[in-house]
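Written below as structure tokens is the structure these notes are about.
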Amino acid sequence: ADCYLVSLTDEALVQLLPQLTKGREAALWVHTAGSVPMQLFEGRATRYGVLYPMQTFSKGVPVDFSSITLFVEASSSDVLQQLKQLASLLSPRVHEADSRQRKSLHVAAVMACNFVNHCYVMAQRWLEQQGLPFEAMLPLIDETARKVHYLKPTMAQTGPAVRGDSHIIDEHLQLLSMAPDLQAVYRLLSERIAAGKVGE
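Residue numbers for the sequence shown, in the numbering used here: 7 to 206.
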């Protein structure tokens, strides 16, 4: 092929790349990983780059690529042009980002997606223990996500910690004493929000 797009776990990418590129070094090689440097291709291919989609993927869940931001990096200016053309077939949102910037994007993605989803997991388990449906949270989750489309997250923050309502926080912490792990997360995040130290 003229171009090979490699989308594997980071560990598998590192392990399998020498086998994949062998005998195909002249082709354009592109990986899709957030935290793997483009230089992984050095010595294994002459033309290479990265096409990193800023999106979460789950098996069986379709994704509209036209709404995704794609970040590209390339080994040369001509490869960069090729990658931008390829990426623009998938999405109108194409930006350049080097390996360091892409790693920063990946860190932010873990916080904004994976950590947030884990909070959903904790809320789901807590509600199930109380005999309550997690589905009751869905309109709240949707509204919270919708707000950050037009407000900065710092401006969209609500809740007892940002209001300085220590009485409510103490009551919640007391209630969570039966779930020490949840209590620890609640305390840490409440302290961070109250102190305004997000990102510091």
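Ideal Cβ positions, reconstructed from N, Cα and C, are used throughout, including at glycine. This one's a predicted model, so the numbers in the text were calculated from it and none came from an experiment.
Starting from the C-beta of residue i, find all residues in its chain whose C-beta is less than 6 Å away, skip the five residues before and the five after it, and write them out in chain order.
i: V85; result: R53, G55
i: S97; result: F71, S72, I74, L76
i: S13; result: T38
i: L5; result: Given a span of 7 to 206 for the chain in the structure shown, any question on residue 5 remains unanswerable.
i: L26; result: none
i: E48; result: none
i: F140; result: Q130, L133
Excluding the 5 residues preceding and the 5 following residue i in the sequence, name in chain order all residues of the same chain whose CB lies nearer than 8 Å to its CB.
i: A142; result: L133
i: G40; result: Y58, R108, K109, L111, H112, A115
Is the distance from the Cβ of residue i to the Cβ of residue j below 7 Å?
i: E102; j: V78; result: yes
i: L138; j: V100; result: no
i: A51; j: W35; result: yes
i: A93; j: L46; result: no
i: L182; j: L188; result: yes
i: A200; j: A167; result: yes
Alpha carbon to alpha carbon, how far is residue i from residue j?
i: Q107; j: L195; result: 26 Å
i: H178; j: Q91; result: 52 Å
i: K153; j: M161; result: 9 Å
i: A7; j: Q87; result: 18 Å
i: Q21; j: P186; result: 40 Å
i: G205; j: R131; result: Low per-residue confidence applies at G205: pLDDT is 47, beneath 50, and the placement is therefore not dependable, though the value from the model is reported in the following sentence. Using only the alpha carbons, I get a separation of about 28 Å.
i: R198; j: S105; result: 29 Å
i: R193; j: A80; result: 44 Å
i: N123; j: T150; result: 13 Å
i: C125; j: V191; result: 9 Å
i: D16; j: P43; result: 10 Å
i: P24; j: S82; result: 21 Å
i: F128; j: R169; result: First, the amino acid is wrong: residue 128 is Met here, not Phe. Answer to the nearest angstrom: the Cα atoms are 23 Å apart.
i: I175; j: C9; result: 55 Å
i: P145; j: L95; result: 34 Å
i: C172; j: G165; result: Reading off the sequence, residue 172 comes out as Ser, not Cys. For S172 and G165, the distance between alpha carbons rounds to 11 Å.
i: G29; j: L89; result: 22 Å
i: A33; j: N120; result: 34 Å
i: H155; j: Q136; result: 33 Å
i: P159; j: E31; result: 45 Å
Could you tell me which residues DSSP puts in a beta bridge with residue i?
i: C9; result: L34
i: A80; result: G55
i: T75; result: R99
In its own chain, which residues sit with a C-beta less than 7 Å from the C-beta of residue i, not counting the 5 before and 5 after it?
i: Q61; result: V69, I74
>> Please give me, in chain order, every unbroken run of the alpha helix (DSSP H) with length at least 4 that falls completely inside the region 149-190.
In response: 159-162, 166-169, 172-181
>> At 4 residues or longer, what runs of the alpha helix (DSSP H) sit wholly inside the region 113-143?
In response: 122-135
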